[in-house]
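Visitor: Chains as they are written, first to last, in UniProt numbering: chain A, 1 to 336; chain B, 1 to 336; chain C, 1 to 73; chain D, 1 to 73; chain E, 1 to 368; chain F, 1 to 368. Ideal Cβ positions, reconstructed from N, Cα and C, are used throughout, including at glycine.
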Ligand code: SF4
Ligand code: SF4
Ligand SMILES: [Mg+2]
Ligand SMILES: [Mg+2]
Ligand SMILES: [Mg+2]
Ligand SMILES: [Mg+2]
Ligand SMILES: [Mg+2]
Ligand SMILES: [Mg+2]
Ligand SMILES: [Mg+2]
Ligand SMILES: [Mg+2]
Ligand SMILES: [Mg+2]
Ligand SMILES: [Mg+2]
C-alpha cells in the first residue's frame with residue numbers, strides 16, 4: 001500500500017512507529033533493545049573499540065553489494081583492523097522523501113544478512129526522512145563497537161626494518177565496480193565490489209600469527225593513501241613492489257581507458273597488514289586458505305624505521321623506486 | 001584560502017587529511033584516538049548503553065543552538081534518559097559540496113563546546129562530501145556510548161497506579177524556534193530552542209531519588225507521542241492535566257496562529273519521567289533547583305497498570321478527559 | 001472552518017501590520033480593516049486581519065455573562 | 001598529450017563498436033577507422049578509435065628489437 | 001488581551017458548563033428529549049471536541065456537526081482534479097496544510113509530493129502570489145478552498161497578482177457559501193434540529209444579518225458564537241434560553257467581532273472579483289449559487305480555465321462522509337470509523353482535516 | 001593482445017634500459033657530454049617518470065619535457081576565460097577531467113563547481129553533445145582543448161551537433177598544433193637539443209611525414225615512439241643510434257599504429273570543420289597558425305562567438321610554467337616547486353595535469 005517513504009515516516013509519529021516495528025525491528029531482531037532510548041549491552045567489557053562511518057555510495061545497488069551491505073562491512077572492517085572483535089552496530093538512516101519502500105527493505109535485509117553472517121548485532125537505529133532534493137536517495141551511518149579482550153595485540157610501535165607488508169587480495173575492485181555501475185563514463189565490465197566483512201579472517205590471523213604490527217582497510221584513497229598514512233603515522237618507510245600488487249585485468253583495463261591509477265581506487269574488503277618478517281609465510285598461508293584471502297600477497301617491506309623515516313616508495317618494473325603520495329584532490333578521468 | 005568544502009575533502013586524500021588534522025582533531029582533542037581505524041576505550045565497563053541519531057535540522061543555525069550542539073545534546077539525552085552516564089560520542093558528517101568552511105568550523109566548535117560542557121568525549125569521526133544537490137548543507141550523525149555502573153536503576157516494570165508523571169519544563173520551544181528560524185510561515189518570535197544536555201541533571205536525579213520508573217526525552221512527535229509510546233510499551237494508562245503542562249506564551253501564540261498543537265511539537269532539552277508518588281516531591285524539588293528544571297511540573301499520574309491499560313488521556317480544563325494518540329502523519333499548519 | 005486568532009497590532013505600514021499573539025509575531029495584511037490602529041486587537045485569518053475586536057463590547061459581553069451566571073446561583 | 005589504449009573490437013554497429021581492454025569494455029566511435037573489423041585492435045582515445053593496430057608490424061617490430069638486444073650481448 | 005483571554009478561563013468554563021447543563025435539563029423536562037443543535041462550523045466541531053464540552057454534554061445536548069469543514073464538503077471529483085493538477089510539468093501547487101492528506105480516488109497531495117510533484121504548504125494565499133513572482137518560469141497554482149471567511153483573501157490574492165501583472169499565477173477555485181447549504185439541508189428536512197450554533201468567523205465577513213433567513217424563513221433560532229469554551233457555552237446557553245422561552249431569533253453572541261452588516265471591504269472585494277456559481281458538495285450534489293468563482297474578466301487567473309484537467313469518475317468507497325456532512329449519521333455509524341479509517345490512513349476527508357467530524361471524534365471523543 | 005603487452009614486459013624493459021645506457025655511454029665518450037632529448041608529448045613525460053626510466057637515465061640522458069600537455073600550454077587568460085564561462089546562467093560546462101583543477105587567476109573549475117556552477121567531467125566530447133540533446137533548456141559548452149589526436153574528435157562533436165540540429169551546443173576551442181610550436185622553439189634556439197622523442201598518438205593523425213620538417217629544415221633527428229617502457233626505450237635507443245651514426249632522420253618506431261600519411265579520415269574532418277588560427281601559448285605568446293578553430297560557417301557552434309566573456313589581465317605569479325614548457329628550466333629550478341606549489345595546491349598548470357612536467361616530477365621523480 002505505502003510504496004514510498006514520505007516525510008511523515010520521519011516525524012516520530014505513527015508511520016515512524018510502523019516503519020520501526022515492521023521493518024527495522026523485524027529485520028534486525030532487536031526487540032529487546034528498544035525499551036529505552038539506548039540499547040543496553042550486558043557487560044562486563046574489558047577495553048572496547050568504537051568507530052563510525054557514513055555511507056553515501058551512488059548508486060545504492062551495485063555489483064557485489066549495496067549501500068546496506070557496505071554500511072555493515074565498512075564498519076566491521078574498521079573494528080576488525082583495529083584488533084577488536086566487532087560486537088554491535090548502530091544504524092542511522094537518512095532517507096529522501098519518495099524513496100521506494102521496496103528498495104529500503106532490500107537494503108535493510110541486506111544489512112541484516114551481512115550482520116548475521118559477520119556475527120554482529122544491530123542494536124540501535126534512527127530514521128530521518130528529509131524533503132525531496134535534500135538528500136540523494138539514502139545515506140546510512142553505522143557505528144560499531146568491538147570488544148578487545150586481554151592485551152591489545154596490535155603494536156605499531158614495534159614496526160621494524162624488514163617487516164613484511166601484505167595485502168589480502170586484488171585492489172581497485174570496489175572503485176571500478178562503482179564507476180561502472182554509475183554508467184556515467186560508459187564503462188562496462190563484470191568487476192564486482194569486493195565489499196566483505198573481514199572480521200572472521202582477521203580474527204583467525206590475530207589468534208594464530210604473532211607479530212602483527214598494524215592492520216588497515218584501504219578504502220577511500222586506495223592502497224597508496226592508506227600506506228602513506230601508515231608510514232607517516234608510525235614513522236616507517238615502506239617499499240612496495242609494483243609488480244607484486246594483485247590487480248584484476250579488468251581493473252587494469254578500466255584504468256587504462258580512463259586514466260586512473262589503481263593504487264588510488266577504493267577497496268571495501270581488503271586488508272593491508274605489516275607483520276614481523278618471521279611470521280610472513282604463516283600469515284600468507286593462513287590468508288590464502290581463507291576465501292577472502294586467496295590472492296593475498298606480500299607486496300613489500302619496511303625499509304626504515306625512526307624519525308627520518310615515513311615515506312612510501314614503489315619499486316618500478318625496471319628496478320627504480322619512486323615516491324608515492326596520498327591522493328591529491330580527487331580522482332578524475334584523464335584524457336589528454 | 002579554502003572557503004568551501006569541495007568533493008576532494010571527502011576523497012580520503014590530502015584535503016581529507018588536512019580537514020581531520022586541523023579541524024576535527026583540534027576541536028575534539030582526540031589525537032590519541034586516531035592511530036587505529038577505531039577509537040580504543042580503556043575499560044573495564046560493566047554494562048554499556050548505545051544510541052544513535054542523525055541530525056538533519058533545517059536551518060542549521062537557529063536561536064538557542066545549531067546542528068552541532070543539537071547532535072551532541074540529542075544523543076547525550078538518549079543515553080541519560082536510559083539511565084546511563086554518557087561517556088563518548090562518535091560524529092559522522094555528511095557535507096554538501098560548496099558548504100562554507102566557516103560554517104563547518106562553527107558547527108564543530110559548537111559540538112566540541114557542548115561535549116566538554118556535558119563531560120563527554122568525541123572519540124571517532126567520519127566525513128563524507130557529496131555532490132552539490134545530493135544533501136542539504138550538512139547532516140550529522142552522532143552515536144553515543146554510556147556507562148551503567150551497578151544495577152540498572154530504571155525499572156519500568158515497577159510502574160504502578162498513582163505514580164507521578166513529570167516534565168522538566170516548557171514544551172514546544174524547539175519546534176517553535178525552528179519554525180520561526182525557517183522563515184517559511186512568517187512567524188517571528190524570540191523563542192529559543194531548549195536544546196541542552198540533560199545528563200548532569202539526570203545524574204543527580206538518579207543518585208538522589210528512589211523509584212524512578214522510566215525516563216524519556218520528548219523530541220520528534222512531542223510530549224504526546226512520547227507519552228503514548230510509554231503507555232503502550234509499559235502497559236500503563238496515564239492521565240495528564242492539560243492545565244498543568246508548562247507552555248510558554250509565545251509557543252501558545254505561535255500554535256494559535258498556525259493551528260498546531262504544542263503537545264506534538266519537538267523538544268530537545270526536556271525530560272519526561274514516571275516516578276513513584278512517594279518520591280514525587282523530592283524529584284520536583286531537585287529538578288526545580290537545577291537550571292534546566294526550574295519550570296518542572298508534575299503533569300499527571302498513572303491511572304492504571306496491566307494488560308488492559310496502555311492509553312494516554314488528558315484532562316481538559318472543564319474536567320472531562322479525552323484520549324491522545326501519537327502524531328498522525330506530519331505536522332501541517334492548519335487554516336480553515 | 002476559518003481558524004481565527006485575536007492579535008494585537010504593534011506596528012502599521014501601508015496595508016500591512018505587525019501583530020502579536022502572546023509574544024509570537026507576524027506581518028499580516030490590513031486591507032480588510034482600514035481603521036485598525038496600534039494597540040487594537042484584530043482577528044487574524046490566513047495572514048489577513050479580518051475585523052477589529054471591539055474591546056468595550058467584549059468587556060460588556062463578559063460582564064453580562066458573569067452576571068447571568070452569578071444570578072443563576 | 002593524448003592518452004591512448006589499445007582495445008580489441010568485439011562487436012560493430014554502424015559507426016560504433018564495442019571494444020574490450022582486458023575485460024573492461026566500452027562502446028566507442030569508429031568513424032576514423034572505417035576498416036576496423038571484429039578482433040582487430042584499435043587505439044582508443046577520448047571515446048574514439050583513432051587507428052587500427054597492425055599486428056604484423058607489431059610482431060616484426062618486437063622481433064627486430066629482441067634480435068637487436070640479443071645481438072648486442 | 002485580558003478580556004478575550006477570560007473566555008477560556010477554566011473556572012468560568014466550568015461554571016458556564018453547569019449553566020448549560022441546567023438549561024438543557026429544563027429543555028428535557030419541558031420537551032421530553034434532549035435538544036438537538038447543529039454547529040455549522042468545523043472549527044466549532046473541533047473546539048467542542050478538544051475542550052471536552054461535547055463529551056461532557058453528550059447525554060444532555062445532541063450536537064450535530066454541520067457542513068462547515070471546507071475540505072470535507074469538497075466533492076471527490078474536485079479533489080481528484082486538484083491532485084491531478086499537481087502532475088503537470090513546471091508547476092508549483094500551493095495549498096493550505098489542511099488539503100495535503102485528503103484522500104483522492106488514488107492519491108493524496110502528500111503522496112503526489114512524495115512522488116516528486118512540487119507541492120508547497122503555505123500559510124496565506126498571498127504567499128503563493130509571492131512565490132509566482134519569484135518563480136517566473138513556473139506556473140503557480142493556489143488551491144482555493146474556503147468559506148466566506150477565506151474567500152475575500154482569495155480575491156485579494158487575485159488583486160495582488162493583477163497589480164503585479166503576473167502571468168503565471170492562478171487559483172483553482174472551489175469555494176463554498178453557508179447560506180445555500182443551510183437552506184438545502186433545511187429544505188431536505190432529513191435532520192431535525194432545534195437550533196444552530198452559527199459560525200462566528202464567517203459572520204465577521206457576511207454579517208449577523210446574513211443569518212436572519214434562518215429565523216425568518218425557516219423558523220429556526222441560532223446564536224452566532226466564538227470558539228473559546230466560554231463563548232461556545234454562552235452561545236449554547238442563549239440558544240437554549242431562546243428555546244425555553246420559545247423565541248425564534250438570531251442572536252449575535254460575538255458582537256465584539258461581528259457586525260450586523262459584516263465586513264463591507266471584504267464584501268466589496270467579493271463583488272469586484274467573484275460571481276456566484278453552482279458548486280457541487282460532497283454528499284449533496286450541486287447546489288445552485290453555493291460557491292463563488294472568478295468573474296469572466298479574470299479568467300486568466302482561473303486555473304480551471306487555464307489548465308485542462310480531466311479526471312474519471314471517482315472510486316467508490318464505503319466512506320459515509322456525505323451523510324456525516326449533512327449530519328444524518330455520526331462517525332460511529334460508519335463501519336470504517338477507527339477501523340479501516342484512522343487519521344493515519346484516512347478513507348474520507350472527514351477523517352483528515354483536524355476539523356473533520358470523524359477526525360474530531362477519533363482524536364478527542366473516543367475514550368477507548 | 002599478446003604482442004603489444006610484451007612492450008611492457010619487465011625483463012625486456014630492463015634489457016632495453018641496458019641497451020640505452022650503453023648507447024648513451026658511447027655518446028658521452030664520443031661527445032664529452034650526455035645527450036639531450038626532448039620528449040614532446042606530455043604522456044611521454046608522464047610515462048618516463050612513472051616507469052622510473054627518467055630517474056634511471058638521469059645521469060646518462062637529459063630528458064627535457066616539451067610543450068605537449070594541452071592543459072599546461074593554454075595561456076592564463078584563456079584559462080580565466082573558460083572559468084568565467086562557467087558563471088553564466090542556465091549553462092552546463094563540460095570538460096575533460098584534466099581541466100578541473102587548473103588554477104585560473106582567482107579560481108579553478110573545481111572551485112567554481114564547489115560554488116555551485118554546473119560543471120561536468122566527461123570522458124568523450126560526444127558525451128557533451130548527448131547532454132545538450134537531453135537538456136534543451138540549457139546551453140552546453142565543451143571546453144575544447146587538445147592537440148592533433150584530440151582535435152578530430154572535437155570536429156566530430158560539431159558534426160554530430162550539426163546533424164542533430166542542436167541550437168544549444170558549442171565548443172570553446174583552444175587547440176594546439178605540434179609543428180608550429182616546435183618550429184618556434186627551434187627558431188628561438190633557447191634549448192639545445194640532440195633530438196626529439198616524437199609523440200606517437202599525434203602522429204597517428206598527422207602521419208610520420210608531418211615530422212619530416214625537423215630533419216629536413218632543422219637538421220634535427222627524431223623517433224616517433226609509443227608509450228610503453230620498451231617502446232620508449234627502443235625509441236631512445238634508435239635516436240642515440242642516429243646520433244652515434246651521425247644520421248639526421250625521422251624514424252617511425254611505432255609503425256604498427258602510425259602511417260606515413262596519418263589518418264586521412266581524421267584529416268578530412270579537420271579540413272571540413274576547422275581552419276588555422278594564431279593561438280596564444282603560455283610562455284610563448286602568439287604563434288601564427290598554431291591552433292585550429294571552427295570555420296565561419298560553424299560560428300553558431302563556436303562558444304567564443306556565442307558568449308561574451310571578457311576577463312581582465314591574469315594575475316601575475318612566480319610560476320615559471322612558461323619556461324618549463326619551453327624546456328628552458330626544470331621544475332626544481334622553480335622556487336615554488338614542492339614548497340608553495342604541490343598537486344593539492346598547484347600554482348601553475350604544470351603541477352596540475354598528471355602529464356604536467358612539474359606534477360610528473362613531484363609524483364614520480366622526487367625520492368625525498
Ligand atoms: S470514518 Fe472515515 S470512512 Fe467513515 S465517514 Fe468518516 S471519513 Fe468516511
Ligand atoms: S612548480 Fe608550480 S609554480 Fe613552479 S613552474 Fe611548476 S607549476 Fe609553476
Ligand atoms: Mg570508521
Ligand atoms: Mg571505514
Ligand atoms: Mg578503515
Ligand atoms: Mg532517533
Ligand atoms: Mg537528488
Ligand atoms: Mg537515539
Ligand atoms: Mg534522540
Ligand atoms: Mg529519545
Ligand atoms: Mg570514515
Ligand atoms: Mg539542496
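1. Can you give the Cα-Cα distance for residue 52 of chain F and residue 83 of chain F, rounded to whole angstroms?
2. Out of curiosity, what's the CA-to-CA distance linking residue 322 of chain B and residue 313 of chain B?
3. Drop a sphere of 10 angstroms on the beta-carbon of residue 30 of chain F, count the other beta-carbons inside from all chains shown, and report buried for 16 or more, exposed for fewer.
4. Could you have a look at residue 151 of chain B and say whether DSSP puts it in helix, strand or coil?
5. If you draw a straight line from the C-alpha of residue 310 of chain F to the C-alpha of residue 81 of chain F, how long is it?
6. So residue 73 of chain F and residue 99 of chain F are supposed to be a Cβ contact under 8 Å. How far apart are they, rounded?
7. Is residue 103 of chain E buried or exposed, if buried means 16 or more other CB atoms sit within 10 Å of its CB?
8. Who are the near neighbours of residue 7 of chain D in its chain, counting only those whose CB is closer than 8 Å to its CB and skipping five residues on each side?
9. So, do the stretch 173 to 192 of chain A and the stretch 120 to 130 of chain A have three or more beta carbon pairs nearer to each other than 8 Å?
10. Thinking C-alpha only, which one of B:176, B:197, B:96, B:194 is nearest residue 188 of chain B?
11. In the DSSP assignment, find the alpha helix (DSSP H) that holds residue 213 of chain E and state where it starts and stops.
12. From residue 169 of chain B to residue 48 of chain B, what distance separates their C-alpha atoms?
13. Relative to the alpha-carbon of residue 191 of chain A, which residue among D:23, D:4, D:10, D:13 has its alpha-carbon at the smallest distance?
14. Tell me whether residue 123 of chain E sits in a helix, a strand or coil according to DSSP, three-state version.
15. Quick one: what does DSSP say residue 11 of chain B is sitting in, helix, strand or coil?
16. Just how far apart, CA to CA, sit residue 21 of chain F and residue 191 of chain F?
17. Excluding the 5 residues flanking residue 201 of chain F on each side, which residues of the same chain have their C-beta closer than 6 Å to its C-beta?
18. For the alpha helix (DSSP H) that residue 207 of chain A lies in, which residues bound it at each end?
19. Please name the residue, chosen from E:360, E:243, E:78, that lies closest to residue 223 of chain E on a Cα-to-Cα basis.
20. Return yes when the Cβ of residue 263 of chain A is within less than 9 Å of the Cβ of residue 166 of chain A, no when it is not.
21. Can you list, in chain order, the residues of its chain with a C-beta nearer than 7 Å to that of residue 343 of chain B? Leave out the 5 residues immediately preceding and following it.
22. Could you tell me whether any Cβ in chain D is nearer than 9 Å to the Cβ of residue 156 of chain F?
23. Is it the case that the Cβ atoms of residue 24 of chain E and residue 57 of chain E are separated by a distance below 9 Å?
24. With a cut-off of 8 Å, do at least 3 Cβ pairs link the stretch 5 to 24 of chain B to the stretch 83 to 100 of chain A?
25. Assign residue 284 of chain F to one of three DSSP states: helix, strand, or coil.
26. Tell me which residues share the same chain as residue 231 of chain F and place their Cβ nearer than 8 Å to its Cβ, disregarding the 5 neighbours each side in the sequence.
27. Assuming contact is defined by CB atoms lying nearer than 9 Å, are residue 147 of chain A and residue 87 of chain A in contact in what I supplied?
28. Would you mind reading off the limits of the beta strand (DSSP E) that contains residue 94 of chain E?
Guide: According to the structure shown:
1. Looking at the two C-alpha atoms, the distance is approximately 35 Å.
2. Each residue's Cα considered, the two are about 5 Å apart.
3. Counting C-beta atoms within 10 angstroms of its own C-beta, residue 30 of chain F has fewer than 16 neighbours from the protein chains shown and is therefore classed as exposed.
4. Here residue 151 of chain B sits in coil by DSSP.
5. Taking C-alpha positions only, residue 310 of chain F is separated from residue 81 of chain F by approximately 7 Å.
6. Not a contact, Cβ separation roughly 13 Å.
7. Buried, because 16 or more other Cβ atoms sit within 10 Å of the Cβ of residue 103 of chain E.
8. Excluding positions up to five away in sequence, the list reads 19, 20, 21, 26, 28, 41, 42, 43, 44, 49.
9. With contact defined as three or more Cβ pairs closer than 8 Å, the stretch 173 to 192 of chain A and the stretch 120 to 130 of chain A are not in contact.
10. Nearest C-alpha to residue 188 of chain B: B:176.
11. Start and end: 212 to 218.
12. Straight through space, the alpha carbons of residue 48 of chain B and residue 169 of chain B are spaced by roughly 28 Å.
13. Closest option to residue 191 of chain A, Cα to Cα, is D:23.
14. Of the three classes helix, strand and coil, the one that applies to residue 123 of chain E here is coil, per DSSP.
15. In the structure shown, residue 11 of chain B sits in coil (DSSP, three-state: anything other than H, G, I, E or B).
16. Computed Cα separation, rounded: 23 Å.
17. Cβ neighbours of residue 201 of chain F beyond the five flanking positions: 149.
18. For residue 207 of chain A, the uninterrupted alpha helix (DSSP H) segment begins and ends at 199 to 208.
19. In terms of CA proximity to residue 223 of chain E, E:243 leads the group E:360, E:243, E:78.
20. No, these two residues do not count as a Cβ contact at 9 Å.
21. In the structure displayed, chain B extends from 1 to 336; residue 343 of chain B sits before or after that span and is not available.
22. The Cβ of residue 156 of chain F sits closer than 9 Å to at least one Cβ of chain D.
23. Yes; because the gap between Cβ atoms is below 9 Å, this pair is in contact.
24. They do not touch, by the three-pair rule.
25. Coil at residue 284 of chain F, not helix or strand.
26. Correct list, in chain order: 7, 200, 225, 253, 254.
27. Yes, the pair counts as a contact, with Cβ atoms nearer than the cut-off.
28. For residue 94 of chain E, the uninterrupted beta strand (DSSP E) segment begins and ends at 91 to 95.
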